[in-house]
Amino acid sequence: MEGKGKVEEPQSIPVVSSTKPQSVRCVECREEDCKLVLCIPCGHRVMCAACASKRSTCSVCLQEIKQTMNTFL
């Protein structure tokens with residue numbers, strides 16, 4: 001019979017499990033595992049609160065930082 005062949009079992013997709021989240025690093029002071037703040041209005045989240053308070057512009061896009069907000073991820 002044509003059209004009838006062996007059906008192959010689908011290959012399983014490996015599950016990658018990581019118990020340790022990827023480290024977070026401030027682009028200014030390079031401190032690891034720090035709490036980054038959200039720069040408003042641009043939305044970049046690349047600096048810790050201490051560094052963001054010393055800058056008037058975002059390190060990524062150079063847009064004026066009007067406000068910062070703590071984020072919880």
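Numbered continuously in our numbering, the sequence shown closes out at residue 73. Glycine included, C-beta positions come from ideal geometry on N, C-alpha and C.
Following the DSSP letters along the chain, one finds residue 51 inside the alpha helix (DSSP H) bounded by residues 49-54. Residue 48 sits close to residue 31, with the two beta carbons spaced by under 8 Å. With a threshold of 16 other beta carbon atoms within 10 Å, residue 50 falls short and is exposed. Annotated three-state conformation of residue 38 is strand, per DSSP.
In this model, residue 33 and residue 6 are separated by some 52 Å (Cα to Cα).
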